[in-house]
Amino acid sequence: MPKSSRRRTRPRTAAEEAADLRRLLPPFLLLTAIFFLGGVGYYIIGWYGHATGRLSEPWPLYECFFMTAISLTTVGYGDWLGVRGFRAAELYTIGVLVAGMGGVLYGVSELTSYFVEGHLLHLMERRRRMKKIERLKDHAILAGGGDTGVGVMRELTSTKTPFVLIDSDAEECAKLREEFPEALILEGDATEDDMLLRAGIERARGLIACLPSDKDNLFLAITARNLNPNLRIVARALAENMEEKLRAVGVDRVVSTSFTGGLRLASELIRPQVVTFLDRMIRESEDFRFCEVQIQPGSEVDGVHLLKSGIRSKTGVNVIAIRDASGRYHYNMDIERELRSGDILFGIGNPEMVRKLRMICGVPPEGEIS
0 MPKSSRRRTR PRTAAEEAAD LRRLLPPFLL LTAIFFLGGV GYYIIGWYGH ATGRLSEPWP
60 LYECFFMTAI SLTTVGYGDW LGVRGFRAAE LYTIGVLVAG MGGVLYGVSE LTSYFVEGHL
120 LHLMERRRRM KKIERLKDHA ILAGGGDTGV GVMRELTSTK TPFVLIDSDA EECAKLREEF
180 PEALILEGDA TEDDMLLRAG IERARGLIAC LPSDKDNLFL AITARNLNPN LRIVARALAE
240 NMEEKLRAVG VDRVVSTSFT GGLRLASELI RPQVVTFLDR MIRESEDFRF CEVQIQPGSE
300 VDGVHLLKSG IRSKTGVNVI AIRDASGRYH YNMDIERELR SGDILFGIGN PEMVRKLRMI
360 CGVPPEGEIS
């Protein structure tokens, strides 16, 4: 796509939009000054004409401003004050008309530029985007685009998980908006409190930190944890020695790119079919995916045996494992054990099946609108 096209779709920051609006301030102030000075000038000339005997009485202040208004707007009401034959007033009127027309042309030029360059559309788009974000609840915040961020966005989109992306690179934001037209993307520094608050971190379900450097992810984790102590934070670590540091500042899970890459390479050699199967469960082209749902107190399945709960018949999800509150995993589904609040069910199903499972387990829908 041509570079100019990217520039038109580039999300603008609040500072840039404020600067765009400030462009309209000088012509507005100029026209206001011309109107004010024009009226006062006519008033002074009126008193001068009265003092020198040219006028029987001075011009009223209101009529002076009215004369200025009809001169600037060229509505054609005629010689309202009777300046014809009064040389000083005639010369002053010429000055008012010339200055007024110049101010009007300047204002129209700036206003036209504001519309043509799309600044108004950018402002309206940003406000629409912010309204959507303000309505989000239990959503994910993704900090950082790039190759890793794109992969995360595809997975979140395919699983219908609402999210907000924060990236400081304007060109990267433009590219991502082209690939993900419905995505909520904010351009700015994800480590700043204000940006995280704009992304709704206080209502968010979790944060994925995949900024370009480990130091940025570390600082982001500290900031996010301070804003939302209950937030689940997952961070990428480029260096192996950063995992312990990230956990120390409150990161729940650390994904080491070197460790994960090495494990994947070995698995491709040792158990290639297992890797293929897992890939099918996580790639966007596959409808059925792995899911996990925690049973809430008082839900429909709380205190009911798995075989009697009707999960398979009601939702279609095939439960393959259970993790109890102690952290123990149960793989044999024939065991005589009741489902309890706090248990986590692991299963396979499509997004609609998972939605039904969350419902009977008492979990509110992801991205619930408040």
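For the sequence shown, numbering that gives the first Met the number 0 assigns the number 0 to the initial residue and increments by one for each residue that follows.
Yeah, the Cβ is synthetic: ideal placement off N, Cα and C, and Gly gets one too.
On the CB-based measure, 16 or more other CB atoms within 10 Å of its CB, does residue i come out buried or exposed?
i    : result
S325 : exposed
R6   : Low local confidence applies: a pLDDT of 38 at R6 is under 50, so the model's placement there is unreliable, with the coordinate-based value given in what follows. Answer is exposed; the Cβ neighbour count stays below 16.
V107 : exposed
T190 : buried
I33  : buried
S266 : exposed
L24  : exposed
M241 : buried
R357 : buried
V273 : exposed
P286 : Pro is not the amino acid found at residue 286; the sequence shown has Asp there. By the neighbour-count rule (16 or more Cβ atoms within 10 Å), D286 is not buried but exposed.
G260 : exposed
N225 : exposed
I269 : exposed
A142 : buried
L219 : buried
L237 : exposed
L175 : buried
T314 : buried
R288 : buried
S167 : buried
Y42  : buried
N216 : buried
Can you give me the Cβ contacts of residue i inside the same chain, cut-off strictly under 6 Å, excluding the 5 residues immediately before and after it?
i    : result
L29  : G102
G38  : C63, F64, T67
P26  : Y105, G106, E109
I343 : E291, Q293, R322
S308 : V300
Taking the beta strand (DSSP E) that residue i belongs to, which residues open and close that run?
i    : result
I294 : It is not in any beta strand (DSSP E) - I294 carries neither H nor E in the DSSP assignment.
D166 : 162-166
A234 : 231-236
A320 : 317-322
S255 : 252-255
Can you tell me where the alpha helix (DSSP H) with residue i in it begins and where it stops?
i    : result
R372 : Here the chain covers residues 0 to 369 and nothing more, so residue 372 does not appear.
S340 : Taken as a continuous stretch (DSSP letters only), S340 belongs to no alpha helix (DSSP H), as it is neither H nor E.
P228 : P228 -> no alpha helix (DSSP H), and no H or E assigned at all.
T158 : Note, T158: premise wrong, no alpha helix (DSSP H); not H, not E.
E242 : 241-247
L356 : 350-359
Tell me which residues share the same chain as residue i and place their Cβ nearer than 7 Å to its Cβ, disregarding the 5 neighbours each side in the sequence.
i    : result
E351 : none
V82  : A88, E89, T92
M194 : I165, L185, G187, D188
F85  : G48, R53
T275 : none
P57  : G45, W46, H49
Determine which residues share a DSSP beta bridge with residue i and list them.
i    : result
I140 : V163, L206
L344 : V292, I321
Y328 : R322
Which residues in the same chain as residue i place their Cβ atom closer than 8 Å to its Cβ, once the five residues preceding and following it in sequence are excluded?
i    : result
A139 : L155, T160, P161, F162, V163, A203, R204, G205, L206, I207
T222 : T190, E191, D192, L195
E201 : L226, N227
#### Entry: Ordered list of alpha helix (DSSP H) runs contained in the segment 178-223, each at least 4 residues
192-197
### Task
Pick out the complete alpha helix (DSSP H) segments inside the segment 36-109, 4 residues or longer, and give them in chain order.
60-72
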